[in-house]
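Take a look at the structure set out below.
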Amino acid sequence: MKMKNFKPAHFNWRVEGTVAVIALKRPERKNPITFESYAELRDTFRQLADADDINTVVFGSNGGNFCSGGDVHDIIGPLLDRDMKGLLAFTRMTGDLVKAMRACPQPVIAAVDGVCAGAGAMIALFSDIRIGTPLAKTAFLFTRVGLAGCDMGACAMLPRVIGQGRAVELLFSGRKMSAEEGERWGFFNKLVAADKLEAEAIAFAKQLSEGPTFAHMMTKTMLAQEWSMSLDQAIEAEAQAQAICMQTNDFKRAYDAFVAKSRPKFGGD
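Residue numbers (the working numbering): 978 to 1246.
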């Protein structure tokens, strides 16, 4: 399946080589997410599982901000008129988006500038790598609108990324996590200047795209699956995963390149 010419209706999409670059629309409103963009993003990440022309994904910012969360008028207001069945359908859809991000084989890099709040913070959290700017302000602000902090997997994922104590504070208070805190706590892999953010993220994505992409897929798969394993189970699962990777052409290419004292050119097979 090819996605280079994919044309989504509710977010920006372009492809540079084998890197897909996503950004939400409406920068004048700090890129809120809507019912439609939720669903289209979910479907897109599901399709990426079969996309053989996309090796890495960058989820970027637009107009100085990443995402301001659910649109107050397009989502929050209409939810007040839904019954329990309708509300559960919505909350399950939001969870399906981050589940699809976690399940897609491509590494996902979030390039975060400015506001990164609510659902936007969850998209960044469920990305595999996060690069921020000094102006990034990340807030899991669900309690600020009278909801629990357990939204879209926040109570499961955030403690794993920044630690239980820090996650508890952010989820109870809904306060903004500064960029400096985010880097120091491990939320951001690094911070770069705002005018270099997209280029830095795409450059790293291209570097990953030129690597052993089958092995990257296996790494991402095992990172997800080993949460529910004992240590002995994880060691055995990794033994099996690595044995599979040892059958790939990329493994032989790396050996041949080492012998020839050259750089391997991986093919992802």
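Glycine included, every Cβ here is placed at the ideal spot set by N, Cα and C.
Check: Extent of the continuous alpha helix (DSSP H) to which R1143 belongs; Outcome: 1141-1150
Check: Start-to-end residues for the beta strand (DSSP E) that takes in T1071; Outcome: Element bounds for T1071: not the beta strand (DSSP E) but the alpha helix (DSSP H), 1061-1080.
Check: Buried or exposed (CB count within 10 angstroms, at least 16 for buried), N982; Outcome: exposed
Check: Where G1037 falls: helix, strand or coil (DSSP); Outcome: strand
Check: Assumed close pair L1185, L1135 - CB separation to whole angstroms, cut-off 8 angstroms; Outcome: Their Cβ separation, rounded to whole angstroms, is 24 angstroms, which puts L1185 and L1135 out of contact at 8 angstroms.
Check: Reference D1227, options H1193, G1140, W1204, A1201, closest by Cα; Outcome: H1193
Check: The beta strand (DSSP E) enclosing G1109, as first and last residue numbers; Outcome: 1106-1109
Check: Contacts around P1189, its chain only, beta-carbon distance under 6 angstroms, and the 5 residues preceding and following it disregarded; Outcome: D1227, F1243
Check: Where C1127 falls, given that 16 or more other Cβ within 10 Å makes a residue buried; Outcome: exposed
Check: Alpha helix (DSSP H) segments (min. 4 residues) lying fully within the region 1188-1242; Outcome: 1190-1202, 1208-1222, 1226-1237
Check: Residue range of the unbroken alpha helix (DSSP H) whose run includes L1174; Outcome: 1174-1186
Check: The region 1158-1176 touching the region 1131-1150, judged by at least three CB pairs closer than 8 angstroms; Outcome: yes
Check: R1069 classed as buried or exposed, judged by whether at least 16 other C-beta atoms fall within 10 angstroms; Outcome: exposed
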